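Numbering (my numbering), first residue to last: 60 to 258. Written below as structure tokens is the structure these notes are about.
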């Protein structure tokens with residue numbers, strides 16, 4: 060069956076035709092709008108970005124960057140920590156990025172958290188894969204300070220955090236001078252990570 064054009068009467072909507080070709084607007088140099096000035100060289104600095112606790116980020120673009128899944132289980136990296144909040148629009152969660160930097164190398168570790176009660180997170184447990192790195196982050200910080208923080212009255216390790224101010228935890232770690240991160244086995248083919256050292 061061959062296609063055929065419909066007449067205007069047959070169409071359910073009008074067709075607005077153009078009788079003439081549109082004319083392109085000619086811009087002359089005199090039409091350009093701009094403002095320029097000369098400032099002191101000291102003022103010509105790149106824009107600075109800040110971490111969750113207000114530190115200036117130290118990112119160097121030529122440093123070699125790694126993600127958690129690019130490293131083998133058991134790999135470790137120690138260095139200066141930086142934590143940055145990433146707000147996810149149209150999602151029920153946000154994320155923190157823990158960046159560890161040392162000697163030209165960067166390791167980026169992320170953990171998601173539910174944003175409903177931010178700065179608090181509630182009922183974060185080790186059984187829910189999506190928030191497991193968040194659980195590990197909280198657990199590691201508490202355990203580093205004192206192992207008694209992560210055991211119950213029967214001496215069993217806790218497996219659920221009922222309520223935690225995740226923002227203060229992130230700021231606390233961000234203010235550290237040096238941390239160590241170890242890659243551990245995760246679920247569903249993905250690696251996970253834990254903090255094993257803080258100074």
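For each residue, glycine too, the CB sits at the ideal point set by N, CA and C. Keep in mind it's a predicted model, so treat the numbers as computed, not measured.
- Boundaries of the beta strand (DSSP E) around residue 173: 164 to 173.
- DSSP places residue 227 inside the alpha helix (DSSP H), whose first and last residues are 225 to 233.
- By the 16-neighbour rule on beta-carbons within 10 angstroms, residue 110 is buried.
- In the three-state scheme derived from DSSP, where H, G and I count as helix and E and B as strand, residue 196 is classed as helix.
- Contact annotation: residue 200 and residue 152 have beta-carbon atoms that are not nearer than 8 Å.
- Contact annotation: residue 251 and residue 192 have beta-carbon atoms nearer than 8 Å.
- Judged by DSSP in its simplified three-state form, residue 118 adopts coil rather than helix or strand.
- Looking at the backbone, the Cα of residue 253 and that of residue 124 are separated by about 18 Å.
- Within the model, the alpha-carbon separation for residue 161 versus residue 127 is close to 16 Å.
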